[in-house]
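Novice: So that we are looking at the same thing, I have put the structure below in structure tokens.
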Amino acid sequence: MRTHKVIYSPLGILTLIAEDGVLVAVESASTDSLLVDSARLGLAAEDGFESAERQFEEYFSGRRCCFDLLVEQTGTPFQQQVWQAVKAIPYGQTRTYKQLAVSLGDASKARGVGAALARNALGIVVPTHRVVGTKGALTGYSAGIDAKRALLDLESAPANEALRQQCAGAGVPA
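Each residue of the sequence shown is one higher than the last, beginning at 1 in full-length UniProt numbering.
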């Protein structure tokens, strides 16, 4: 059964979507779009999203560097590889599309990396905002460049230095 819950964040409205209790998408949305898309989102639910809500609150308040949620994301084997590589980018750091492509074995696949990132349904949880263009240019992000900038600013804020140190390469929640 597909369910969803709307939460409020510093970025605005986020819609958490689950399929049989497993998080399958995090979307930026307005309340107007929720009315139109209610069939696609499933039933509105208050229960079943407690852990996700808590972890998002911790992330936005600078107490969590990565998420520990049951998630499922369908994609090609290459997309899955890209998403796994993105999850390995430490909190507060960035990588370029080319760096990710090289880490996956082929520098010529930078455009493919970008295409895979665009198909990421689990924004913030799979932190595609940490991928930037050449020389750090902020390029495409499904929630918009302002949201990408806000997330990178949050992660690089001086107040979050201890969290960055704690999470550097750890890949575990704070």
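Glycine included, C-beta positions come from ideal geometry on N, C-alpha and C.
Just the Cα atoms here: how many angstroms apart are Thr15 and Arg64?
Specialist: Cα-Cα distance, rounded: 20 Å.
Novice: Whole angstroms are fine: how far does the CA of His129 sit from the CA of Leu151?
Specialist: Taking the straight line joining both Cα atoms gives about 7 Å.
Novice: By the 10 Å Cβ neighbour count, where 16 or more other Cβ atoms means buried, how is Leu117 classified, buried or exposed?
Specialist: With 16 or more Cβ atoms within 10 Å of its Cβ, Leu117 is classed as buried.
Novice: Going by beta carbon distance, what residues of the same chain come within less than 7 Å of Thr3, once the five residues before and after it are set aside?
Specialist: These residues qualify, in order along the chain: Ala18, Gly42, Leu43, Ala45, Gly48.
Novice: By DSSP, does Val172 sit in helix, in strand, or in coil?
Specialist: With a pLDDT of 48 at Val172, under the threshold of 50, the modelled position of that residue is not reliable, and the figure given next carries that caveat. If DSSP states are grouped into helix, strand and coil, Val172 belongs with coil.
Novice: In the DSSP assignment, find the unbroken alpha helix (DSSP H) run with Glu53 in it and report its ends.
Specialist: Segment 50-60, the alpha helix (DSSP H) holding Glu53.
Novice: Which residues in the same chain have their Cβ closer than 6 Å to the Cβ of Val113, if we skip the five residues on either side of it in sequence?
Specialist: These residues qualify, in order along the chain: Val82, Tyr97, Leu100, Ala101.
Novice: What three-state label does DSSP hand Ile145 in the structure shown?
Specialist: In the structure shown, Ile145 sits in a helix (DSSP, three-state: H, G or I).
Novice: Taking the alpha-carbon positions, what's the Lys148 to Val26 distance?
Specialist: Cα-Cα distance, rounded: 14 Å.
Novice: Is Leu69 near Ala52, with beta carbons less than 7 Å apart?
Specialist: In this structure, Ala52 lies closer than 7 Å to Leu69 by Cβ.
Novice: Taking the continuous alpha helix (DSSP H) assigned at Leu100, which residues delimit it?
Specialist: 97-103 is the span of the alpha helix (DSSP H), which, as asked, contains Leu100.
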